[in-house]
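Under the working numbering, the letters of the sequence shown match residues 41 to 481, in that order.
Below is one structure, written out as structure tokens; the observations come after it.
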Amino acid sequence: MMESLHFNVHRASRTERLADELIARLDAQRPDNPLAPQTVIVPHAGMRRWLLQTIARRRERARGAAANIDTPLPWQWLQRTAKNVLGDAALVGGDYRTDALRWHIYHALADVHAATIDQYLDGDASERRRFLLAARLADVFTQYLVYRPDMILDWETGADAHDWQAQLWRRVRSRIRTQHRAQRRGVLANELHARGDGETEPLYVFGVSQLPDDVLASLRAVAAHRDVHVYFPDPCREHWEELRRLRSILLRDDAESLYFEIGHPLLASLGRVGQDFSLALDDGGEQRDPLDDRDAPTTAVSLLDALQTSIRLLEPDHVHIALASRSRTDASVRVHACHTRLRELEVLNDQLLGFLADDTTLQPRDIVVMAPDIAAYATYLPAIFGKPAHYDGAPSHIPWHLADVPLAHTHPLFDGFTKVLDLGESRFRAADVVDLLAVPA
Numbered sequence: 041m042m043e044s045l046h047f048n049v050h051r052a053s054r055t056e057r058l059a060d061e062l063i064a065r066l067d068a069q070r071p072d073n074p075l076a077p078q079t080v081i082v083p084h085a086g087m088r089r090w091l092l093q094t095i096a097r098r099r100e101r102a103r104g105a106a107a108n109i110d111t112p113l114p115w116q117w118l119q120r121t122a123k124n125v126l127g128d129a130a131l132v133g134g135d136y137r138t139d140a141l142r143w144h145i146y147h148a149l150a151d152v153h154a155a156t157i158d159q160y161l162d163g164d165a166s167e168r169r170r171f172l173l174a175a176r177l178a179d180v181f182t183q184y185l186v187y188r189p190d191m192i193l194d195w196e197t198g199a200d201a202h203d204w205q206a207q208l209w210r211r212v213r214s215r216i217r218t219q220h221r222a223q224r225r226g227v228l229a230n231e232l233h234a235r236g237d238g239e240t241e242p243l244y245v246f247g248v249s250q251l252p253d254d255v256l257a258s259l260r261a262v263a264a265h266r267d268v269h270v271y272f273p274d275p276c277r278e279h280w281e282e283l284r285r286l287r288s289i290l291l292r293d294d295a296e297s298l299y300f301e302i303g304h305p306l307l308a309s310l311g312r313v314g315q316d317f318s319l320a321l322d323d324g325g326e327q328r329d330p331l332d333d334r335d336a337p338t339t340a341v342s343l344l345d346a347l348q349t350s351i352r353l354l355e356p357d358h359v360h361i362a363l364a365s366r367s368r369t370d371a372s373v374r375v376h377a378c379h380t381r382l383r384e385l386e387v388l389n390d391q392l393l394g395f396l397a398d399d400t401t402l403q404p405r406d407i408v409v410m411a412p413d414i415a416a417y418a419t420y421l422p423a424i425f426g427k428p429a430h431y432d433g434a435p436s437h438i439p440w441h442l443a444d445v446p447l448a449h450t451h452p453l454f455d456g457f458t459k460v461l462d463l464g465e466s467r468f469r470a471a472d473v474v475d476l477l478a479v480p481a
């Protein structure tokens, strides 16, 4: 295969610095065709929204507009590229979509017998249980196709003959004749190496902390024909790829484990994904933010600043010093213990209103609220924050928008319909019935 000649990695511990560098490059390398969009791959919808807002604020000469910028997610870019190069969308679509795959699994489950499955499906509601299990397994197998392709391919050659998941997958494959993502990833990479994706303008990847192997391989292949710039928010300026948790070091009994370091406990315990991705990017042409290298230990302004500095410099003692010197009025890092999700949102609303009142320069667009499963809060948000994407000027109202959540999880009609279906097997609690009466439809 050809060598990736134009694969460039830009690292910085400050995402806003990466954004400044990206914006400067977007402005300097405009397409020859003024109607052609510039493509920036983003990891999720929240990053897309933040990046476009940042671009709009930085471009004062353009009167605060971020226009003609295509911001696909990694899988969307891969799907589009596969369709253009291979002539179809089988790489990530077809019968291997989660919503279609679950039905193939549903039918295949009838022919797979294992103690675990038989015990779960036993009972009067076996058909419903089989459908729920099929839906769950469809999501799991989809993840396997992305992150465990070698295991999937081994299963198809007869490996793990007594594993019920392997048996089930082979049954599913007997129903689906078309090739899947794990089989076609090599074909796509070879085609991209040989002739590119038909585009000549630079391709940008911004704010990603990890990418599936086939997406990264496809980007490297495209880089043989046009510039690819990956903007990686590296939290630490030091070499942190060999950090390990103390538990993992103690569990290993080989000599290699003696060279592992714990370093910063947060990076060691929560940074495994970033570590792996950082190593995967090491062979690209790399540029580091010069501000990271010029950083010197200074007196932290806040506890959050001390935490960020300790991670950036790989010196956890900065946090210990800050904890000893900080007062209880330091609100940069807070922990609130709440008994329900609704109470969490009530406390969040009070805290945000307090911040907006104390700091007149702070705007709602500067606030990002994140959660591991933001969809779980979707139905409670209107009760606390009012209508989405609506601003009435009242001091107690914070305009908001929900990203990364499907429409079915946000619209009250979908939620009400789901509750109606579940009502027949519920305990008919008064609160459940009253909630349904509150849905106008």
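We put the CB at the ideal spot given by N, CA and C, even for glycine.
Straight-line gap, residue i to residue j (C-alpha atoms, nearest Å)
i	j	result
residue 431	residue 160	49 Å
residue 363	residue 435	34 Å
residue 379	residue 275	32 Å
residue 174	residue 195	19 Å
residue 226	residue 343	47 Å
residue 299	residue 458	Annotation note: pLDDT 47 at residue 299 (below 50); position unreliable, no value reported.
residue 247	residue 397	31 Å
residue 37	residue 140	A question about residue 37 goes unanswered here, because the residues of the chain that appear run from 41 up to 481.
residue 357	residue 350	7 Å
residue 454	residue 462	13 Å
residue 149	residue 119	29 Å
residue 204	residue 156	9 Å
residue 320	residue 151	40 Å
residue 374	residue 54	21 Å
residue 314	residue 231	29 Å
residue 402	residue 166	54 Å
residue 495	residue 183	Shown here, the chain extends from 41 to 481; a query on residue 495 therefore has no answer.
residue 51	residue 272	5 Å
residue 280	residue 162	49 Å
residue 283	residue 121	36 Å
residue 407	residue 381	19 Å
residue 176	residue 142	8 Å
residue 327	residue 353	18 Å
residue 383	residue 392	14 Å
residue 105	residue 97	8 Å
DSSP state of residue i mapped onto helix, strand, coil
i	result
residue 420	coil
residue 244	strand
residue 277	coil
residue 156	helix
residue 465	coil
residue 52	strand
residue 304	coil
residue 217	coil
residue 126	helix
residue 389	helix
residue 212	helix
residue 474	helix
residue 142	helix
residue 147	helix
residue 187	helix
residue 441	coil
residue 407	coil
residue 459	helix
Buried or exposed (CB count within 10 angstroms, at least 16 for buried), residue i
i	result
residue 395	exposed
residue 42	Residue confidence for residue 42 is low, a pLDDT of 40 falling below 50, so the modelled location carries little weight and cannot support an answer.
residue 260	buried
residue 316	exposed
residue 207	buried
residue 64	exposed
residue 145	buried
residue 215	exposed
residue 478	exposed
residue 72	exposed
residue 168	exposed
residue 264	buried
residue 95	buried
residue 468	exposed
residue 290	Only weak support exists for where residue 290 lies, its pLDDT of 46 falling under 50; the value from the coordinates is given anyway. Exposed, since its Cβ has fewer than 16 Cβ neighbours within 10 Å.
residue 254	buried
residue 390	exposed
residue 62	buried
residue 311	buried
Paired residues, beta bridge with residue i - DSSP
i	result
residue 110	79
residue 268	47, 243
residue 328	51
Answer yes if the segment 217-225 comes into contact with the segment 183-196, meaning at least three C-beta pairs across the two stretches below 8 Å, and no otherwise. Segment contact: the segment 183-196 against the segment 217-225, three or more CB-CB distances shorter than 8 Å; contact assigned.
Taking one C-beta from the segment 104-112 and one from the segment 80-93 each time, how about it: are there three or more such pairs within less than 8 Å? yes
Can you find at least 3 beta carbon pairs, one from the segment 75-86 and one from the segment 233-250, that sit closer than 8 Å? By the criterion of at least three beta-carbon pairs nearer than 8 Å, the segment 75-86 is in contact with the segment 233-250.
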